[in-house]
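Numbered by this note's numbering, the letters in the sequence shown go through residues 129 to 208 in order. The structure under discussion appears below in the form of structure tokens.
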Amino acid sequence: MASKNTTVIPHPPYSPDLAPCDFFLSPKMKFRLKGRRFDTIEEIQAESQEVLKTLTLEDFQGYMESWEKRWDRCIHAQGD
Numbered sequence: 129m130a131s132k133n134t135t136v137i138p139h140p141p142y143s144p145d146l147a148p149c150d151f152f153l154s155p156k157m158k159f160r161l162k163g164r165r166f167d168t169i170e171e172i173q174a175e176s177q178e179v180l181k182t183l184t185l186e187d188f189q190g191y192m193e194s195w196e197k198r199w200d201r202c203i204h205a206q207g208d
């Protein structure tokens, strides 16, 4: 991440409003893999990687904007 000039922002170990995977990545993965059956962990990993490859720069930019708005709402609500 440092090589991409990315700033790491600390957040609580579990906060559903702030955990990026809870509102961005997990729903996308669940939607694409819903109803599928896998025989091995390797099959799950391979298909998950294929799903991740479909995500675009615009997906991540939109997610970051959404995450920033969530972060701001939590700050203004003082964590409540």
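We put the CB at the ideal spot given by N, CA and C, even for glycine. These numbers come from a predicted model, not from an experiment.
Legend entry - For L161 and E175, believed in contact at Cβ under 8 Å, the rounded distance: 7 Å
Inset, instruction - Could you tell me the distance, in whole angstroms, from the CA atom of P138 to the CA atom of F159? - result: 28 Å
Legend entry - Extent of the continuous alpha helix (DSSP H) run through R198: Residues 185-204.
Legend entry - Cα-Cα separation between R198 and F151, rounded to whole angstroms: 10 Å
Legend entry - Nearest-angstrom Cα separation, counted from S131 out to W195: 22 Å
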